[in-house]
Amino acid sequence: MTVSKPGLVILTGAGISAESGIRTFRSSNGLWEEHRIEDVATPMGFKRDPHLVQRFYNERRKQLSQTLPNTAHHALVELERAWPGSFLLVTQNVDDLHDRAGSQSMLHMHGELLKVRCVSCDTVSRWETDVLPDSQCPACKAADKLRPHIVWFGETPLDMEIIYRSLETCDYFAAIGTSGHVYPAAGFVQCVGSDCHTTEINLEPSVVNSAFKECRHGPATETVPAWVREMLSRR
Ligand code: BJW
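For the sequence shown, the numbering used here begins at 375 and goes up steadily by one.
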């Protein structure tokens, strides 16, 4: 008898990093308060005022160095290491907290704060400090051509083919700490097969919560480790 190995896809959003001290986007004191979305998170905003956008991301890069992964990030690493089948973590977060916790099979679908992309040669490079007007691309040496390696509104998220393929075949799908406002991630729950068990884990019901078979609400540092323990006891 062959026993099939269960496939698991997990989507995370800003809520998983909230208790590490990174503000979520749509909370009352969210990041967007000081800036309009269209000014800092669209290609048009960058074209209009690149220095404002670079300053915004320089500031966020600095904030990141003052944060640490929390127990929810660590629990997902434990789950990945012990999971008997295929495992994919898709994060919308541009922070590096999953990376620092030790997640391996992971995609940053909205890009990464600690990377820049050269608009001249398209090379993506790691970048931990401020981007300044005279900053040069490490690959082609062009000055003033670096942009944040972030997927802004109207741009295509990264690695979508791999993500859709994994969603179509997975047995379990969980969305953690995401409000369900931003597509295509908000529609992932609709992309899985009808036998797939879908779980929402969020502080409160998201706007797409009715699409999930199971919903768990509460802070991620409590709900995620508890869910991981249950998933591993099912093996
Ligand atoms: C806790 C917690 C705790 C708090 N514990 N939980 C009209 C209809 C439908 C779609 C569109 C439309 N018009 C345009 C679109 C498309 C557009 C879109 O979705 N717009 C909507 C606003 C309507 N999307 C795009 O443009 C995307 N591209 C695209 O669609 O390309 C076409 C394409 C698709 C598929 C294949 C090929 C091509 C690009 C989207 C890019 C999103 N970028 C951002 C900004 C990045 C810049 C930056 O970071 O500086 O990414 S937007 C922002 O939202 C960020 C996030 O990743 C994303 C999602 O937010 P998230 O993570 O859900 O955060 P919050 O704050 O919303 O929610 C946090 C949740 O946590 C809350 O529910 C809290 O309750 C909870 N929480 N504390 C557990 N302790």
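For every residue, glycine included, the Cβ atom is placed at its ideal position computed from N, Cα and C.
Residue i Cβ short of 6 Å to ligand 1 heavy atom set
{"i": "G387", "result": "yes"}
{"i": "H472", "result": "no"}
{"i": "Y557", "result": "yes"}
{"i": "A392", "result": "yes"}
{"i": "G476", "result": "no"}
{"i": "R400", "result": "yes"}
{"i": "I396", "result": "no"}
{"i": "P593", "result": "yes"}
{"i": "T552", "result": "yes"}
{"i": "T416", "result": "no"}
{"i": "H482", "result": "no"}
{"i": "A577", "result": "Strictly speaking, residue 577 in this sequence is Leu, with Ala absent from that position. Yes, ligand 1 has a heavy atom inside 6 Å of this Cβ."}
{"i": "I524", "result": "yes"}
{"i": "T530", "result": "yes"}
{"i": "M605", "result": "no"}
{"i": "F562", "result": "no"}
{"i": "F586", "result": "no"}
{"i": "F527", "result": "yes"}
{"i": "S580", "result": "yes"}
DSSP beta-bridge partners of residue i
{"i": "L462", "result": "V383"}
{"i": "N576", "result": "H591"}
{"i": "M480", "result": "L463"}
{"i": "R500", "result": "K489"}
{"i": "F547", "result": "V383, T572"}
Residue i, DSSP secondary structure in three states
{"i": "M375", "result": "In this prediction, M375 scores a pLDDT of 49, lower than 50, which makes its location untrustworthy; the coordinate-derived value is nonetheless stated afterwards. Three-state DSSP puts M375 in coil, outside helix and strand."}
{"i": "Y538", "result": "helix"}
{"i": "F586", "result": "coil"}
{"i": "G561", "result": "helix"}
{"i": "W601", "result": "helix"}
{"i": "D470", "result": "coil"}
{"i": "S494", "result": "coil"}
{"i": "E596", "result": "helix"}
{"i": "S607", "result": "helix"}
{"i": "V451", "result": "helix"}
Residue i: CB within 6 Å of a non-hydrogen atom of ligand 2
{"i": "Q466", "result": "Within the structure as shown, ligand 2 is missing, the only ligands being ligand 1."}
Going along the chain, which unbroken runs of the beta strand (DSSP E) with 3 or more residues stay wholly within the region 384-448?
none
Can you check the region 502-541 for any beta strand (DSSP E) of at least 3 residues that lies completely inside it and give the ranges in chain order?
The DSSP assignment places complete beta strand (DSSP E) segments of no fewer than 3 residues inside the region 502-541 at 520-524, in order along the chain.
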